[in-house]
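To start, the structure itself, in structure tokens.
Number of protein chains: 2
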Amino acid sequence: MARLADCIAMMDEGIGRVSQVIPDMPVAEARLTRLLLMVGHTFDEAVEQELRPHGINHSDFLTLMILYSRPDGSSTPGELCEYTSQGATNMTRIANALVKRGLITRGPSEEDRRRVVIRITPAGRRFVQKLLPPLFPRVSAAYAGFSEADKRNFSRLLRKLAANLDRLDEAPTP
Amino acid sequence: MARLADCIAMMDEGIGRVSQVIPDMPVAEARLTRLLLMVGHTFDEAVEQELRPHGINHSDFLTLMILYSRPDGSSTPGELCEYTSQGATNMTRIANALVKRGLITRGPSEEDRRRVVIRITPAGRRFVQKLLPPLFPRVSAAYAGFSEADKRNFSRLLRKLAANLDRLDEAPTP
DNA sequence: CTAAATTAATTCACCAGTGAAATATGAGCT
DNA sequence: AGCTCATATTTCACTGGTGAATTAATTTAG
């Protein structure tokens, strides 16, 4: 696989050339967007690769982590869909897989019987606790050379971007 | 679909709680990573949504854009795989789709007959030129409130991150 | 100069994720 | 109550993407 640096160099040149043919292109913003997508995609791949040996994929892991992070260790498919950005269809599959591995339980809700309550099991908690620590060195290494100010700035800019994207999504349907 | 801001708030709290149970977690880095992945994913969705009406998906579009940005408008499946981070299998499918729509041509290479040369057609160029401009307003809007310094910083930090990820990928196989 | 190893693209079988429709429960209205 | 509308989850059919094996051409080693 090509190094990210090569892909970035190629993208920089490519956008430069395209902008000469299509002059009103927002060049800086296009570059930032491509950069963000490339780095995000690479991060995604790295996570997936780290999880594969444990027989779990990124969305399954994210779902499990949300449950783990909850004070009561439980949620519903609908809520998990919102926070994982997964469709309900896929959440059914994820829940099936995690139930089969004994990491969560799934049962009907008492209050509203349309709902299903999903709860992390003790085995699920142990799984997370065993899985996480080996991830830490690589997570830290990714931000090597980032000063405290860099981290604050990066966080601030990503959050601003998120706020802008939220507004863009809401504008079309007022 | 939940707003990104809600997902982020939830993630901030969740990581806060998890870090109290698992104390040696790199909290700031974990937050930045989740932020990056969430924003990246949302951007991805936005692009996909923008392209859908034109009957083209993100990888097809990216492939076409690389060809468009080349001085000679041509490349090979292998090279396109490297720069799009797609597997060769998928590139075959992408090329099939673009050929069927008449946006590219595919023929054997003169020098090395194992290779295939892929070239953008005039129709492909027109397609890109019609597709791009309507994308610009939303790309610009995503960076609303970014000062010039913010853009420079964001670019610098993403590139540093990319360099770190390159090193992480190379280290395991010395 | 041939034989083995390497490289490029494709095909095939499978996993992950999505949209539309089905099922079932709950809430509101008269 | 009964009827309609909304909500929550699941099922089904399909798209997008991946790994392993296949085919074909080129390079390298003996």
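These protein sequences, in sequence, are chains A and B. Note that the UniProt record's numbering has the first sequence beginning at 1, numbered continuously upward. Note that the UniProt record's numbering has the second sequence beginning at 1, numbered continuously upward. Built from N, CA and C at the ideal position, the CB exists for glycine as well.
Using a cut-off of 9 Å between C-beta atoms, extract the partners of residue i located in chain B.
| i | result |
| --- | --- |
| A/Q129 | V21, I22 |
| A/T76 | What A/T76 touches in chain B: nothing, since even the nearest Cβ is about 14 Å away. |
Applying a beta-carbon distance threshold of less than 7 Å, which residues of chain B neighbour residue i?
| i | result |
| --- | --- |
| A/P26 | F136, V139, S140 |
| residue 175 of chain A | The requested residue 175 of chain A is not part of the displayed model; chain A covers only 1 to 174. |
| A/F154 | L32, L157 |
| residue 243 of chain A | Residue 243 of chain A lies beyond the residue range present for chain A, which begins at 1 and ends at 174; the question has no answer from this structure. |
Can you tell me which of the options puts its alpha carbon nearest to the alpha carbon of residue i?
| i | options | result |
| --- | --- | --- |
| A/Y143 | A/E110, A/P133, A/F154 | A/F154 |
| B/L98 | B/L132, B/V139, B/G78, B/F127 | B/F127 |
| A/R61 | A/P137, A/R31, A/D112, A/I120 | Note on identity: in this sequence residue 61 of chain A is Phe, with Arg being the wrong assignment. Closest option to A/F61, Cα to Cα, is A/I120. |
| A/K95 | A/R106, A/P53, A/G87 | According to the sequence as given, residue 95 of chain A is Ala; it is not Lys. It is A/R106. |
| B/S140 | A/M38, A/L168, A/T92 | A/L168 |
| A/T84 | A/S59, A/H41, A/S69, A/L67 | A/S59 |
| B/A9 | A/I66, A/L103, A/R125, A/G87 | A/I66 |
| B/A163 | A/L161, A/P23, A/S69, A/F146 | A/F146 |
| A/R156 | B/E50, B/I15, B/A28 | B/A28 |
| B/R3 | A/T89, A/I104, A/E79 | A/E79 |
| B/G102 | B/L36, B/Q86, B/R125, B/E48 | B/R125 |
| A/K151 | B/T33, B/P53, B/P23, B/M11 | B/T33 |
| B/V21 | A/E148, A/N90, A/L132 | A/L132 |
| B/I56 | B/L35, B/V117, B/K100 | B/K100 |
| B/Q129 | A/M11, A/R52, A/P23 | A/P23 |
| B/T92 | B/I118, B/E110, B/G73 | B/I118 |
| B/G73 | B/A149, B/A123, B/M11, B/E148 | B/A123 |
| A/M38 | B/E148, B/E111, B/Q86 | B/Q86 |
For residue i, count the other beta carbons within 10 Å of its own beta carbon; 16 or more makes it buried, fewer makes it exposed. Which is it?
| i | result |
| --- | --- |
| A/F43 | buried |
| B/E13 | exposed |
| A/S75 | buried |
| A/T173 | For A/T173, the predicted structure reports a pLDDT of 38, less than 50, and the residue's modelled location is therefore unreliable. The matter cannot be settled from this model. |
| B/R31 | buried |
| B/E170 | exposed |
| A/G40 | buried |
| A/R113 | exposed |
| A/M11 | buried |
| B/P53 | exposed |
Starting from residue i, find everything on chain A with Cβ-Cβ shorter than 8 Å and list it in chain order.
| i | result |
| --- | --- |
| B/H41 | G40, S85 |
| B/S69 | E13, G14, I15, R17, V18 |
| B/E110 | Here the premise fails: no neighbours, minimum Cβ distance about 24 Å. |
Taking Cβ-Cβ distances shorter than 9 Å, what residues in chain A pair up with residue i?
| i | result |
| --- | --- |
| B/N90 | Neighbours of B/N90 on chain A: none; closest Cβ ~14 Å, over 9 Å. |
| B/D44 | L37, G40, H41 |
| B/L132 | V18, I22, M25 |
Applying a beta-carbon distance threshold of less than 8 Å, which residues of chain B neighbour residue i?
| i | result |
| --- | --- |
| A/E48 | The contacting residues do not exist; A/E48 stays about 11 Å from chain B at best. |
Using beta-carbon positions only, say whether residue i and residue j come within less than 9 Å of one another.
| i | j | result |
| --- | --- | --- |
| residue 201 of chain B | A/D166 | The structure shown does not extend to residue 201 of chain B, since chain B is modelled only from 1 to 174, so the question has no answer here. |
| B/R17 | A/S19 | no |
| B/L158 | A/L36 | yes |
| B/E50 | B/R115 | no |
| A/P71 | A/A88 | no |
| B/L64 | B/I104 | yes |
| B/E82 | A/C81 | no |
Using the beta-carbon of each residue, which ones in chain A are nearer than 7 Å to residue i?
| i | result |
| --- | --- |
| B/A144 | N164 |
ask   = Mind listing which residues of the stretch 3-14 of chain A have their C-beta closer than 7 Å to chain B's C-betas, in chain order?
value = Hits within the stretch, in order: R3, L4, A5, C7, I8, M10, G14.
key: Under 9 Å (Cβ pairs) to chain A, residues found in the stretch 156-168 of chain B   = For the stretch 156-168 of chain B, which is checked against every Cβ of chain A, the residues closer than 9 Å are R156, L157, L158, R159, K160, L161, A162, A163, N164, L165, D166, R167, L168.
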